[in-house]
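Report on the structure given below.
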Amino acid sequence: MAGFVMRKDHRFKKLIPIRYIGDDGIAREGMIEDLSLSGSYIAGYTPVSIGVALALHILVPGDQAPLLIARAIVKWVKGSEFGVDFGTPPPKTASQIAAIISRLVETECCSSGNEYTTQAAIRPHPIPGQTVSDRDVRWMAARLN
Numbered sequence: 003m004a005g006f007v008m009r010k011d012h013r014f015k016k017l018i019p020i021r022y023i024g025d026d027g028i029a030r031e032g033m034i035e036d037l038s039l040s041g042s043y044i045a046g047y048t049p050v051s052i053g054v055a056l057a058l059h060i061l062v063p064g065d066q067a068p069l070l071i072a073r074a075i076v077k078w079v080k081g082s083e084f085g086v087d088f089g090t091p092p093p094k095t096a097s098q099i100a101a102i103i104s105r106l107v108e109t110e111c112c113s114s115g116n117e118y119t120t121q122a123a124i125r126p127h128p129i130p131g132q133t134v135s136d137r138d139v140r141w142m143a144a145r146l147n
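Here the numbering used here is used: the first residue of the sequence shown is 3, the next is one more, and so on.
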């Protein structure tokens, strides 16, 4: 029986457009299938290789400029789908990732009416009826430090 690996952060499932650039400098496109404070699962239109360092430009709906993650390492590949690890991004980038997750969670909460489920995506022990606050964003950013 195969073992399993515990993820260090909860993942938030949401489709987000992304551009990823490898060592060759060529920009490729895909969609983030899920996002966490420590990495993401990407469905790319062009395959990549395990161990490759990518620069990520996350095109968050509603934001004028993309979120830039200078270095993400490809940890696994299955066809054109792959997982990346952000490592320890700079504090500003970590805060931006946390803020994006927070906004996506709030959007999901408001549109689905299922606040408990969306809170569970980012907090290990959600409280039903509690909304995402600045405290939650600070908690998420602290998880990266």
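We put the CB at the ideal spot given by N, CA and C, even for glycine.
Small disclaimer: the values here were computed from a predicted structure and weren't measured.
Contact check for R30 against V50 passes: the beta carbons are separated by less than 9 Å.
With respect to the 9 Å criterion, T95 and L61 are not classified as neighbours on the basis of their beta carbons. Between the alpha carbons of G46 and F84 lies a gap of roughly 8 Å. Taking C-beta atoms as the reference points, G41 and D87 count as a pair closer than 9 Å. As DSSP reads the structure, I71 sits in a beta bridge with L58. By the criterion of a C-beta distance shorter than 6 Å, Q98 is surrounded in its chain by L69, once the five residues flanking it on both sides are discounted.
Here L39 is not near I18, since their CB atoms are 9 Å or more apart. By the 16-neighbour rule on beta-carbons within 10 angstroms, G27 is exposed. Only residues of its own chain outside the window of five on either side were considered, and among them G24, D25, I75 and V76 have a CB closer than 8 Å to the CB of V54, listed in chain order.
The residues G85, in chain order, have a CB closer than 6 Å to that of W78 in the same chain once the five nearest residues on each side in sequence are set aside. Contact between I52 and I44 is ruled out by a C-beta separation of about 13 Å, above the 8 Å threshold. Scanning its chain for C-beta atoms nearer than 6 Å, with the 5 sequence neighbours on each side dropped, one finds around S82 the residues G46 and P49, in chain order. Burial is judged here by how many other beta carbons sit within 10 angstroms of a residue's own beta carbon; A100 has at least 16 and is buried. Per DSSP, reduced to three states, the secondary structure at L106 is helical.
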